[in-house]
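The opening residue of the sequence shown carries number 2 in the numbering used here; numbering runs sequentially from there. Here a beta-carbon is modelled for each residue, glycine too, at the ideal position from N, C-alpha and C. To start, the structure itself, in structure tokens.
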Amino acid sequence: MGSIDIEDDIEDENEELLEDAGVVETAEESEESAEAGEESVDLGVDEAGSDDELEKAVQEAALNFEKYLRAKADLENFKKRAEKERADLQSYANEKLMLEVLPVADNLTRALAHAGDDSEKNIASLTEGVTMTVGQLFKVLEKFGLTEVKAVGEKFNPEFHHAISHDNTTDAAPGTVVSEFQKGFTLKGRLIRPAMVSVAEEQEGEE
């Protein structure tokens with residue numbers, strides 16, 4: 002028993018001496034500092050890696066957004082070009098052609114009217130030829146959407162008829178087209194030339 006007590010006393014004295022010398026506290030502080038240093042190093046590595054990844058992601062996002070803007074601009078330009086080409090190919094692109102051909106048809110029609118007054122064989126042949134030509138011409142024009150405006154016998158319609166004279170007649174009701182000086186035409190439903198007509202006027206004394 003006496004031996005054990007002596008050893009315990011020696012250990013206590015040694016610990017007191019170490020504490021007085023600051024050895025125990027220094028060792029504990031060193032251990033805590035080492036642990037804190039390890040945590041600081043790990044945290045620094047993680048933060049540096051996160052910053053690099055974030056910067057890379059931002060750069061990729063900016064690049065993708067730039068590509069998107071370029072693609073969007075290209076698409077808008079393509080749409081504009083397509084719309085312009087479509088507009089240029091609209092049905093009414095043939096309107097100028099129709100207006101150029103119509104005077105030819107008018108001349109042939111007039112020639113046909115004058116030729117009918119002569120009875121010579123060559124005039125008869127001319128009449129037949131002109132008639133066929135006019136018929137063929139209008140068939141071609143009809144393929145492009147040209148339609149003749151109905152006039153004689155129709156009620157005068159200012160949307161399709163242009164009255165250049167009035168006829169004091171009892172053969173037709175007032176306001177009716179009685180004769181046509183020049184044919185009118187629509188192109189696919191759109192009026193490109195009104196019919197030049199004479200309209201029956203109301204007789205004096207009628208209410």
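Rounding to the nearest angstrom, what Cα-Cα distance links Ala106 and Val135 in this structure? Your numbering for residue 106 matches position 105 in the sequence shown. Your numbering for residue 135 matches position 134 in the sequence shown. Straight-line measurement puts the Cα of Val135 at about 6 Å from the Cα of Ala106.
Taking the alpha-carbon positions, what's the Thr132 to Leu113 distance? As a working mapping, residue 132 is identified with position 131 in the sequence shown. As a working mapping, residue 113 is identified with position 112 in the sequence shown. Thr132 and Leu113 have their C-alpha atoms some 7 Å from each other.
Tell me whether the beta-carbon of Leu100 lies closer than 8 Å to the beta-carbon of Ile193. The residue you call residue 100 lines up with position 99 of the sequence shown. The residue you call residue 193 lines up with position 192 of the sequence shown. Cβ distance < 8 Å, so Leu100 and Ile193 count as in contact.
Rounded to the nearest angstrom, what separates Val153 and Leu147 at their Cα positions? Taking the first residue of the sequence shown as position 1, residue 153 is located at position 152. Taking the first residue of the sequence shown as position 1, residue 147 is located at position 146. Between the alpha carbons of Val153 and Leu147 lies a gap of roughly 19 Å.
Mind checking Pro159: buried by the 16 CB within 10 Å criterion, or exposed? Counting from 1 along the sequence shown, the entry for residue 159 is found at position 158. Exposed: under 16 other Cβ atoms inside 10 Å.
For the beta strand (DSSP E) that contains Ala196, what are its first and last residues? Along the sequence shown, one-based indexing puts residue 196 at 195. Note, Ala196: beta strand (DSSP E), Ala196 to Ala201.
For Val178: DSSP bridge partner residues: Looking up residue 178 in the sequence shown gives position 177. Checking the DSSP bridge columns, you'll see Val178 partnered with Val200.
Could you tell me the boundaries of the alpha helix (DSSP H) in which Ala125 lies? Within the sequence shown, residue 125 is the residue found at index 124, counting from 1. In the DSSP annotation of this structure, the continuous segment of the alpha helix (DSSP H) that includes Ala125 starts and ends at Lys122 to Lys144.
Report back the beta-carbon spacing between Phe161 and Gly185 to the nearest angstrom; my notes put them in contact at under 8 Å. Residue numbering aside, residue 161 sits at position 160 when the sequence shown is read from its first letter. Residue numbering aside, residue 185 sits at position 184 when the sequence shown is read from its first letter. Sure, about 6 Å apart at Cβ, within 8 Å.
For Ala164, the residue or residues it bridges with in DSSP: As a working note, residue 164 is residue 163 in the sequence shown. BP columns for Ala164 point to Val198.
Residue range of the unbroken beta strand (DSSP E) whose run includes Thr170: The residue you call residue 170 lines up with position 169 of the sequence shown. Thr170: not part of any beta strand (DSSP E); DSSP gives it neither H nor E.
From this set, Ala94, Glu121, Leu127 and Arg71, which residue's C-alpha is nearest Phe145's C-alpha? Residue mapping note: residue 145 aligns to position 144 of the sequence shown, counting from 1. When each option's Cα is compared against that of Phe145, the closest is Ala94.
Specify, as a first and last residue, the run of the beta strand (DSSP E) that Leu90 falls within. On the sequence shown, position 89 is the one that residue 90 refers to. Counting along the chain, no beta strand (DSSP E) covers Leu90, and no H or E run does either.
May I have the straight-line CA-CA distance separating Asp172 from Ala201, to the nearest angstrom? Looking up residue 172 in the sequence shown gives position 171. Looking up residue 201 in the sequence shown gives position 200. Distance between Asp172 and Ala201, taken at the CA atoms: about 9 Å.
To which residues does DSSP link Lys189 through a beta bridge? In the sequence shown, residue 189 corresponds to position 188, counting from 1. DSSP links Lys189 through a beta bridge to no other residue.
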